[in-house]
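Undergrad: Below you will find the structure I want to go over with you.
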Amino acid sequence: MSELLYTPKNAYEVLSAEEIKEAYDYCEGYKKFLDNGKTERTCVSYSIEIAKAHGFVEFVDGKKYNAGDKVYVNQKNKSAIFAVIGSESPEKGFNITAGHIDAPRLDIRPNPLYEDGNMAYLKTHYYGGIRKYQWTTIPLSLIGVICKKDGTTVNVNIGEDENDPVFYITDLLPHLAKDNKPIQGEDLNIVIGSSFDKEEKENKIKKAVLKILNEKYGVTECDFQTAELTIVPAAKAKDVGLDRSLIGSYGHDDRVCSYPAFTSLLSLDKPEKTSVAFLVDKEEIGSAGITGMRSAFVTDFLLALCDGYNARIAFKNSAALSTDVGAAFDPTFPEAYEKRNSAFINCGPAICKYTGSRGKSGASDACPEFIAKLAGIFDANNVLYQFCELGRIDQGGGGTVAQFIADRNIEVLDVGVAMLSMHAPYELASKTDIYMLHKLCKAFYENY
Ligand code: MN
Ligand code: MN
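Residue 623 in the numbering used here sits at position 115 of the sequence shown, and the numbers go up by one each step.
See below:
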């Protein structure tokens, strides 16, 4: 870093052939994580399964832990916390990463089932920011749980297995699209069946659908009211490009950051500072709710880790990376970006000093002393990174969980993989950037 001018570096210029191979190999695990974790629930169960294989055990509040102990917390099956106990006192502070595992999708409404035009449908309510037209005419899966009043829970997962049927949302044919009306929220109706039993007189397609659900899961129509069912794209994660340098998938935002933060924590043996990775729910709708980053379960866990030491000092000395995606420059839509302050594919994780919109509103705006200290650590560990903003000023904007970490008097910086087609049913991210975020989080955990 002795050059007079700053020039962003591309991973393919600076990485050795071995390290590029390492990056590609690393992403094989990430693709499995994507396919096994299409919802926050499946993400929680899959990551806990991986953590257990790495020696993590369920955290017990009040129990004494020693340096090197590995624990996890399962928050309502929708958020998870993983931690490795450090050798230093909690008052030295915790090293924390926080990514989210919810992603934009369509949720099934409480009274969803109806029939019309010789077909049966489920009504949906979209979750998170979506461009609604993108969710029509693609194969979809139905994933979730039906909690019954008798206290039992049924897991639903249809569309993910190669032999499963999928679901579908129609769009108007171009021949009749003269009015060019955009797809509305109430148009996102899931086709779920069209056959029926000839003995039936009324609601016959609806009844045929319910009969299948009853045989498969023992449920009736009113069980939809106490269920949590979601519609997600059925497509699997795949390499993109002749060179296989990119990955296309549903839900990169924010598994593309949660996974590297999680794997870097798994790689720790006996860190000096207690190291924590939050994989949280609800970011896409404001981090509220009992499984979101604003919930007391986050503070309560950190308090429990203080183990009799002064928690205020522990919090004050803690450092966090809010690991969430950035928007990579898209040359097809240059007008939405300011090129000098945009992130580019393959230039490493994107550091965002502030997010927000309309004059940084809602941003955490990290302290320069903190940013410089982190950047120094990244440089010393050969981590590639870039500084960026999310598009042109007043073009839109967005937020992350950073502000909710800062609310707890914990210093925090936004950093994450810069990606293309964010929030689309099939998003695009680069393998070297994903691998480099793993390296960045590891450098943070081991050196901050
Ligand atoms: Mn995100
Ligand atoms: Mn998002």
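All residues carry an ideal CB built from backbone N, CA and C; glycine is no exception.
Only a predicted model underlies this, so the values are computations on that prediction, with no experimental measurement involved.
Which residues share a DSSP beta bridge with Asn518?
TA: Per DSSP, none; premise fails for Asn518.
Undergrad: Return the Cβ separation of Leu898 and Thr863 in integer angstroms, given the expectation that the two are a contact with Cβ distance under 8 Å.
TA: Indeed they touch by this definition, with Cβ atoms about 6 Å apart.
Undergrad: Going along the chain, which residues of its own chain have a beta-carbon closer than 8 Å to the beta-carbon of Pro779, five neighbours each way excluded?
TA: Same-chain partners within the cutoff: Val592, Gly594, Ser595, Asn603, Tyr953, Glu954.
Undergrad: According to DSSP, is Cys949 helix, strand or coil?
TA: In the structure shown, Cys949 sits in a helix (DSSP, three-state: H, G or I).
Undergrad: Under 6 Å Cβ to Cβ from Phe455, same chain only, skipping five residues before and after it: list those, please.
TA: There is simply no residue 455 to check, as the chain begins at 509 and stops at 956 in what is shown.
Undergrad: Just to confirm the assignment, what range does the alpha helix (DSSP H) spanning Asn619 have?
TA: Where Asn619 is concerned, there is no enclosing alpha helix (DSSP H), although the beta strand (DSSP E) it sits in stretches over 613 to 624.
Undergrad: Tell me the rounded alpha-carbon separation between Ile942 and Gly537.
TA: Spanning the two alpha carbons is a distance of roughly 11 Å.
Undergrad: Say whether the segment 727 to 746 touches the segment 649 to 660, bearing in mind that this needs 3 or more beta-carbon pairs closer than 8 Å, one atom from each stretch.
TA: Enough Cβ pairs lie closer than 8 Å, so yes.
Undergrad: Look up Asn968 in the DSSP assignment and say whether it is helix, strand or coil.
TA: Absent from the model: residue 968. The displayed extent of the chain is 509 to 956, so no value can be given.
Undergrad: Which class does Lys746 belong to by DSSP, given the choice of helix, strand or coil?
TA: Strand at Lys746.
Undergrad: With DSSP collapsed to three states, give me the class of Lys571.
TA: Three-state result, Lys571: coil.
Undergrad: Return the bridge partner residues of Met927 from the DSSP annotation.
TA: Answer is Ala835, bridged to Met927.
Undergrad: What do you get for Thr782, buried or exposed, if any count of 16 or more other CB atoms within 10 angstroms of its CB means buried?
TA: The residue is buried, with at least 16 neighbouring Cβ atoms inside 10 Å.
Undergrad: Going by other Cβ atoms of all chains shown within 10 Å of its Cβ, with 16 needed for buried, is Ser649 buried or exposed?
TA: Burial call: buried.
Undergrad: Is His608 near ligand 1, in the sense that its beta carbon is under 7 Å from a heavy atom of that ligand?
TA: Flag set: Cβ of His608 near ligand 1.
Undergrad: If Ile651 and Val788 are in contact, beta carbons under 8 Å, what's the gap, nearest whole angstrom?
TA: Between Val788 and Ile651 the Cβ distance is about 19 Å, and since that is not below 8 Å, they are no contact.
Undergrad: Identify whether Ala642 lies in helix, strand or coil by the three-state DSSP scheme.
TA: At residue 642 the sequence reads Gln, which differs from the Ala that was named. Residue state, collapsed to three classes: helix.
Undergrad: May I have the straight-line CA-CA distance separating Val699 from Ser753, to the nearest angstrom?
TA: Each residue's alpha carbon lies about 35 Å from the other.
Undergrad: CA-CA distance, Ala932 and Gly816?
TA: Rounded to whole angstroms, Ala932 to Gly816 spans 46 Å at the Cα level.
Undergrad: Which residue's Cα is closest to the Cα of Asp569: Phe809, Lys744, Ser775, Glu694?
TA: Here the closest residue by C-alpha is Phe809.
Undergrad: Return the Cβ separation of Leu614 and Ile739 in integer angstroms, given the expectation that the two are a contact with Cβ distance under 8 Å.
TA: Between Ile739 and Leu614 the Cβ distance is about 4 Å, and since that is below 8 Å, they are a contact.
Undergrad: Which residue wins for smallest C-alpha separation from Pro741, given the options Thr831, Tyr622, Ser757?
TA: Considering only alpha carbons, the answer is Ser757.
Undergrad: Using C-beta distances below 6 Å, list every residue in its chain close to Gly545, excluding the 5 sequence neighbours before and after it, in chain order.
TA: For Gly545, where only same-chain residues beyond five positions count, the Cβ hits under 6 Å are Cys551, Tyr554.
Undergrad: Just to confirm, does Asp761 get its C-beta within under 7 Å of one of the non-hydrogen atoms of ligand 2?
TA: At least one heavy atom of ligand 2 is nearer than 7 Å to the Cβ of Asp761, so yes.
Undergrad: Taking 7 Å as the line, does the beta carbon of His931 fall inside it for any heavy atom of ligand 2?
TA: Yes, ligand 2 has a heavy atom inside 7 Å of this Cβ.
Undergrad: Ends of the alpha helix (DSSP H) at Leu810?
TA: Note, Leu810: alpha helix (DSSP H), 804 to 814.
Undergrad: Under the rule that 16 or more other beta-carbon atoms within 10 Å means buried, what is Leu696, buried or exposed?
TA: Classification for Leu696: buried.
Undergrad: Jot down the residue ranges of each uninterrupted beta strand (DSSP E) in the segment 647 to 722, minimum 3 residues, whole runs only, in chain order.
TA: With a minimum length of 3 residues, the continuous beta strand (DSSP E) runs that stay inside the segment 647 to 722 are 648 to 655, 661 to 666, 697 to 701.
Undergrad: Can you name the start and end residues of the beta strand (DSSP E) that Thr730 belongs to?
TA: Rather than Thr, the amino acid found at residue 730 in this sequence is Cys. Premise fails: Cys730 is in no beta strand (DSSP E) and is neither H nor E.
Undergrad: Would the segment 857 to 872 count as touching the segment 899 to 909 if we require 3 or more Cβ pairs under 8 Å?
TA: Because the criterion of three Cβ pairs below 8 Å is met, the segment 857 to 872 and the segment 899 to 909 touch.
Undergrad: To test your reading of the DSSP string, which unbroken alpha helix (DSSP H) runs of 4 or more residues are found completely within the segment 894 to 924?
TA: Segments of the alpha helix (DSSP H) lying fully in the segment 894 to 924: 910 to 914.
Undergrad: Is Gln894 buried or exposed, if buried means 16 or more other CB atoms sit within 10 Å of its CB?
TA: Its Cβ being crowded by 16 or more others within 10 Å, Gln894 is buried.
Undergrad: Between Gly856, Ala883, Asp922, which has its C-alpha nearest Lys517's C-alpha?
TA: If we check each option's Cα against that of Lys517, Gly856 comes out closest.
Undergrad: With respect to the beta strand (DSSP E) encompassing Ser783, which residues constitute its N-terminal and C-terminal limits?
TA: Its beta strand (DSSP E) spans residues 783 to 788.
Undergrad: With a Cβ-Cβ cutoff of 8 Å, do Leu621 and Val717 count as a contact?
TA: Yes; because the gap between Cβ atoms is below 8 Å, this pair is in contact.
Undergrad: Using the C-alpha atoms, what's the distance from Ser872 back to Ala910?
TA: Their Cα atoms are separated by approximately 6 Å.
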